[in-house]
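Residue numbers (my numbering), protein chains in the order written: chain P, 38 to 671; chain D, 1096 to 1478.
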Amino acid sequence: MSPVRTPEQELARFRGRLAVAGVVALVCFGLLVARFFYLQVLRYDYYSTRAEDNRISLVPIVPNRGLITDRNGTVLARNYSAYTLEITPSKVADLEATIEELSKLVDILPKDRKRLKKLMDESKSFESLPIRNRLSDEEVARFIAQRYRFPGVELKARLFRDYPMGNFASHVIGYIGRINDRDLERIEENEDTANYRGTDHIGKAGLEKSYERELHGVTGFEEVEVDSGGRAVRALRRTPAVPGNNLILTVDLKLQEIAEKAFGNRRGALVAIEPGSGGVLALVSVPTFDPNLFVDGIAPQDWDELNNSPNHPMVNRALNGAYPPGSTFKPFMALAALMTGKRTPGQAIADPGFFDFGGHHFRDDKAGGHGMVDMYRSIVHSCDTYYYKLANDMGIDLIAQSIGQFGFGTRTGIDIEGESNGVLPSPEWKKRRFKKPEQQKWYGGETISIGIGQGYNAYTMIQLAHATATVAAGGVMFKPHLVKYIESAKDGSRRMIEPQPIKTIPIKPEHLETIRRSMVGVNREGTGARAFAGAGYVAGGKTGTAQVFSLKGGKYSSRITERLRDHALFIAFAPADKPTIALAVLVENGGFGAESAAPIARQVLDYYLLGKLPAGVAPEDPGAEGGSGDGAGE
Amino acid sequence: MARVSDFRFDPRKWLLRVLSPLDGPLALIVLALMGFSTVVMVSASPERLDTLALNVGVAMVVMWVAASVPPQRMMTIALPLYVLGVVLLIGVALFGDVSKGARRWLNIGVARIQPSELMKIAMPLMLAWYFQSREGVLRVRDFFIAAGLLLLPVGLIAKQPDLGTAILVAAAGFYVLFFAGLTWRLILPVAVVGIVAVASIVAMGDTICQPDVQWPGLRDYQKHRVCTLLDPTSDPLGKGFHIIQSTIAIGSGGVIGKGWGNGTQTHLDFLPERHTDFIFAVLTEEFGLAGAAVLVVLYILLIFRGLFIAAGAPTLFSRLLAGALTLIFFTYAFVNMGMVSGILPVVGVPLPFVSYGGTALVTLCLGIGMLMSIQRHRRRVGT
């Protein structure tokens, strides 16, 4: 710049600079306006959506879970509302200190802390997890007064699942539990994610699991305007939740209870089916468990106790356990023999007490044999030799084929999970089952013990009851089901689970009559006579004893370790002329079927047909009402 | 002018005499802006309307008083005011109160004051006075002296740290230098280097915003502000939250806005500092591009009126002061709207005459009053 300038030059330069400043200002404001135009016109849709997203939050409304009741309306699973204290770990600076402070206001047991730890391992830290459930009114009041001290801790009113019957029918009802990663995957696969927003629990076992879709209901949504802190300011729109449907079962809880109590502290299973519909009247697996333990996340020690118990209470023995049917197999063998023409009812054998095959000596239970044995006597007195011979005459392929049509070795398709296939032995099965060629070969000697329900035979109690029911229904096979109808909680409309006849097995009436008469004979003069002495109805039955351990010719003794004792079985239907109930009972290591299994069946039938409750509360003592019958050994 | 001998009270004449120091166009523009502010405040923060009225009243009085002070009188207080400002800034550095990590306030017993605010006016006054005093004998070294006078308080303010105010004060001083004839040979290279620097920061944003990179001379929070400007989504809940939410507010306003009182971003608390620095976002959310355009037009009118006054100012001092004050208004408006709309970093600069806040309003009205005085005294002093 030149120091020497006239004032006019100075002024001109100053005004020039003013002009430059004016232009710069205009350009800058132009930039701003361009920016506003970009934001407000070109990207209006985007920002407008962002503002709406900011503003509106969808709050799920969790539907009430459907109820489960038995056929008479006894509630098996219900909901109740209670306060729960929940912690969001990510929002809490010092979890331990917070819980310590909380424990001064509400009772927090070590159990609660352990459960929280477990839940934290299984879930994401931004989820809120229960630290204490079912707070008392007093505890609620105490917490509310101090709530400002506990950021990240919330009091929530929640619906809890409750199983008022406790241990009874727990294998049928199952339980719900908190949704874990595996459940989430399944929910995603079913494209149900939206419907499970806000839902913490899902059916984990039993009917709670298999009817999850019916019970859960449809989640509703509330559109809520929220502020930047996420607090709801006002509700904009509400789509109410559709409550889950109620399940009304075919199960008769009283019958179930009597059956469960009849087992005492023994292990076993019982399945009772209505032959004309396939409706399951009772499905017992004992020991049972308390499903209430699972609802809020089971405490680790409870879990260990259930899981490590030698009695395996969590195993559903009725569906999952496959047992050799023992002599309960014989009526089906006999029916198969009649249907295939391998035997006539009157065709008798002379039983020497054993059957020799290929140098192997198959012993009958009764030393010296039963003498002349026709089909009736073979069932009534449970003669093994008759069936050794019959099996040998039929051959394994014919046995597998004709026994298979009663449903043995196939899942029945009952409406809860956990059924196993069982084993219907055949050369094909053996090929599939074993790897080594020498093991894959079927030996003729193996056929012989198949005839008396031993050997590779292994069936579930649901299969055995199902087959019994099918025969009781004259060969019409219904799919077993636990749910009678589904009731809409909204309008009360009912959706019946129709009896679904799977097929009708062509059995000649006279053949059926032979089997029926023989099984009635079992309870009148045979192995079941003692248990059924004085019954006010006519019931067909068959005892069974399944070997767990071969005695190798030794004498059976009650001193044998309990776990090595035989399983006791019993099948029955009643009333014999027009059966309304068919059942199968298994008592693990119960010894003789006639002694331990048949009395249980008697109590169940007494109640179902006569409404008679067992005497006293001690169901282990069923023989009280009659001991006159001279029970012959099996 | 009413004659002193006329004792009869005539309301019309009295009003004219009261209004006489004021410049009509400037007063109307400022009133329009304050009116706009009131309308927005009714929606954004109605509970502060009482204080707003008080602030406006005080500011108007200050404006009137300043407008009544002739420029020659201003010249006489330029140096003392500057010295006082620097002394107070040193006092802040030594004894100031710390608030939000910065030492900006000085407790003088009766009140807490923010001396940096004073510097926004004292700086252009001082430099304009200096150049006036050197009129006719101006040398190159005078520009260095002026730069020194500028950098001393700017350095002290930047140290507090208060980058926003430091920039505004530096800008105020620079405008005086610019109008005093600072050579283009100096301005242009600096401008080019600045543009290149900004462009490269934008281009290399990803690399230099890594957490372990230290920026020479800048504090971490200042680096954060620039980095979040480059990519607000990098810290959506922290530093970027303000920018993201204010851009959403502006964009969702559309052309005509959501309507007065209907801004969801505003009323659901998504907008930070909605009555102060981010009030522009409220305005545009509720009144849209149309409202923003009205505001921009008002500022352009204000600035052109200011430049017009500067062009007609009689002395070098009043020219420089008027030009610098005008550009300060421009700087306030541009920086504020730029930061709220996400093209400039967030520095604490209010929207002139619209943002709530007494100190800034008083300072701005002081500046307006000075402009008015310069305009009214344009023919009083011949050159």
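The beta carbon of each residue, even a glycine, is placed where N, CA and C say it ideally should be. Since the model is a prediction, treat every value here as computed from it, not as a measurement.
- Note on D:D1145: under 16 other CB atoms within 10 angstroms of its CB, so exposed under the neighbour-count rule.
- With the rule of 3 Cβ pairs closer than 8 Å, the stretch 476–483 of chain P does not count as touching the stretch 280–295 of chain P.
- Here P:Q77 is not near D:L1251, since their CB atoms are 8 Å or more apart.
- The Cβ of D:M1158 sits no closer than 8 Å to any Cβ of chain P.
- P:D264 reaches chain D at H1362, L1363, D1364, F1365, counting residues in chain order whose Cβ is nearer than 9 Å.
- Below the 9 Å Cβ cutoff, chain P contributes no neighbours of D:M1465, its closest Cβ being approximately 17 Å away.
- Chain D places a beta carbon closer than 8 Å to that of P:A58, counting this residue as a contact.
- For the options P:D401, P:G563, P:G455, the alpha carbon positioned closest to that of P:Y425 is the one of P:D401.
- For D:G1418, the neighbours in chain P by C-beta distance under 8 Å run, in chain order, F51, R54, L55, A58.
- The count of Cβ pairs closer than 8 Å, one atom from the stretch 1158–1167 of chain D and one from the stretch 1455–1463 of chain D, reaches three, so the stretches are in contact.
- Interface with chain P (8 Å Cβ-Cβ cutoff): D:I1404 is excluded.
- With a cutoff of 8 Å on beta-carbon distance, P:G581 and P:G565 are scored as not near each other.
- For P:Q77, the C-beta contacts it makes with chain D under 8 Å involve I1345, G1346, G1348, G1349, V1350, T1379, G1383, L1384, A1387, in order along the chain.
- Just so you know, the alpha carbons of P:A272 and P:T106 end up roughly 36 Å apart.
- Here P:E311 carries a coil assignment [DSSP, helix/strand/coil].
- Residues of the stretch 1424–1455 of chain D with a C-beta less than 9 Å from any C-beta of chain P: F1425, A1428, F1429, M1432, G1433, S1436, G1437, I1438, listed in chain order.
- Look at the stretch 84–97 of chain P: the residues with a C-beta under 7 Å from a C-beta of chain D are Y84, S85, R87, A88, N91, R92.
- If the five residues before and after P:I542 are omitted, its C-beta is found closer than 6 Å to the C-beta atoms of Q442, G512, all from its own chain and listed in chain order.
- Secondary structure note for P:H548: its alpha helix (DSSP H) is the uninterrupted segment 546–562.
- Counting along the chain, the unbroken beta strand (DSSP E) around P:R531 starts and ends at 531–533.
- DSSP places D:V1134 in no beta strand (DSSP E) but in the uninterrupted alpha helix (DSSP H) bounded by 1119–1139.
- Residues are counted here when their Cβ sits less than 8 Å from a Cβ of chain D; for the stretch 60–72 of chain P these are A62, L63, C65, F66, L68, L69, V70, R72, given in chain order.
- By the neighbour-count criterion, in which a residue is buried when 16 or more other Cβ atoms sit within 10 angstroms of its Cβ, D:F1375 is buried.
- Residue pairing of P:T276 in beta bridges, as defined by DSSP: P:F258.
- Contact annotation for P:V270 against chain D: H1362, L1363 [CB-CB distance below 9 Å, chain order].
- With fewer than 16 other CB atoms across the displayed protein chains lying within 10 angstroms of its CB, D:P1311 is exposed.
- The CB of D:T1410 never comes closer than 9 Å to any CB in chain P; the least such distance is about 11 Å.
- In terms of Cβ geometry, P:A576 and P:L642 form a close pair [threshold 8 Å].
- In the structure shown, the three-state DSSP call for P:E45 is helix.
- The residue from P:I552, P:A58, P:T449, P:V352 with its alpha-carbon nearest to that of P:S207 is P:V352.
- If you compare the alpha carbons of P:P536, P:G558, P:L153, P:Y120 with that of P:S173, the shortest gap goes to P:Y120.
- No Cβ-Cβ contact shorter than 8 Å links P:L192 with P:F205.
- Chain P places a beta carbon closer than 8 Å to that of D:G1276, counting this residue as a contact.
- Between P:R115 and the set P:A359, P:Y185, P:Y200, P:L139, the nearest pair of CA atoms involves P:Y200.
- The Cβ-Cβ distance between D:V1442 and D:L1258 falls below 8 Å.
- Here D:R1236 is exposed: its Cβ has fewer than 16 other Cβ atoms, across all protein chains shown, within 10 Å.
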